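J.: Going letter by letter, the sequence shown gives residues 4 to 259 in this note's numbering.
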Amino acid sequence: MTASGVPVICEIEPATRPELMHVRHQIGVLSTIASAFLIPDNHIGRATVSSIAVAHEVARMGGRSIACLNARDRNLLGFRRDLLTAAAYGVDEFLFVYGDRPESGRRSDDLTVRLMIDEARQFAASHEAATGPFRIGVTTGLRPLPAWKREADSLFVQVGFDVDALVAWRETVDFAGPVYAGVMVIASASMARKLSHDIPQLAVPDRVVAAIEADRDAGVELACDLVHEIAATGAFDGVHLIPVSRYREVARRLER
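Structure below.
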């Protein structure tokens, strides 16, 4: 449990250069409020240090880590390589995502999230002495849950701004594992507009944009308030919090 009243999985900004100083700083700052750290995987279409390597670094610093792996940037052989690497590093918790289509329009279509789950289960069964069982999370929007996603160990719900809609959706979903609601800090009005344009299903409400235009700290306050509101519903097992570059302010506010 954290200061917010529920477990908070903090997503960190990955390293785009061959050093981990900024990653370590985020982990140190957020460790007072985070129950775990989610490590993205080339999430903005730029090459980053391997999420598995960073997850291993988080573990070395005493934290729980979840390595994100996306289907977009790897074929089946590459995914099997990543599973071997994870087993060698002792990384056993993942979030599998399909990955946004890159601006070039080109992606590997060799993998789907469903196939990644099957491969990971088979790998763990074949190397149980070395790995133990993998814990696998998948993402979902506010829509009916396909049967194959119920085979995952955890659910990460898309970022939202309407707690009532989140709770109404949760009441319709039968899932045995933990379900984490997504909360993102909107750092600026320009970020809000870009997010709404690029990913319509994550459109930022006009009231949020207006508040951030009036006060640059409003995005942090709104996100932290959402964390507490979600915790108060008792409908979710935790929050997947994306603080972006405002992680210092988020940590200070949630600590209070």
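Ideal placement from N, C-alpha and C gives every residue a C-beta, glycine not left out.
On a predicted model such as this, the values are computed, not experimentally measured, just so you know.
#1: What number of angstroms, rounded off, separates the C-alpha of L98 from the C-alpha of D167?
#2: I need the boundaries of the alpha helix (DSSP H) containing V32, first residue and last residue.
#3: Are there three or more Cβ pairs, one per stretch, closer than 8 angstroms when the segment 170-183 is compared with the segment 246-255?
#4: Around the Cβ of G163, are there at least 16 other Cβ atoms within 10 angstroms (buried) or fewer (exposed)?
#5: Which residue's Cα is closest to the Cα of L257: A234, A62 and D240?
#6: Ignore the nearest five residues each way along the sequence and tell me which others in I120's own chain have a CB closer than 8 angstroms to its CB.
#7: Taking the alpha-carbon of A70 as reference, which of L229, D165, A195 and V52 has the nearest alpha-carbon?
#8: For the putative contact between T19 and I55, defined by C-beta atoms under 8 angstroms, what is the C-beta separation to the nearest angstrom?
#9: Can you tell me whether Q204 is buried or exposed? The criterion is at least 16 other CB atoms within 10 Å of its CB, across all chains shown.
#10: Going by DSSP, what residue range makes up the alpha helix (DSSP H) through Y250?
#11: Return the chain-ordered list of same chain residues with a C-beta closer than 7 angstroms to the C-beta of R173, the five sequence neighbours on each side being excluded.
#12: Can you give me the start and stop residues for the alpha helix (DSSP H) that H200 sits inside?
T.: A quick look at the data gives this:
#1: 26 angstroms
#2: M24 to L33
#3: With a cut-off of 8 angstroms, the segment 246-255 and the segment 170-183 do not count as touching, because too few Cβ pairs lie within range.
#4: buried
#5: A234
#6: Once the five neighbours on either side are set aside, the close Cβ partners of I120 are F99, I139, V141, W151, E154 and A155.
#7: V52
#8: At roughly 16 angstroms, the Cβ-Cβ gap does not stay under 8 angstroms, so T19 and I55 are not in contact.
#9: exposed
#10: Y250 to E258
#11: V182, A238 and F239
#12: First-last of the alpha helix (DSSP H) with H200: A192 to D201.
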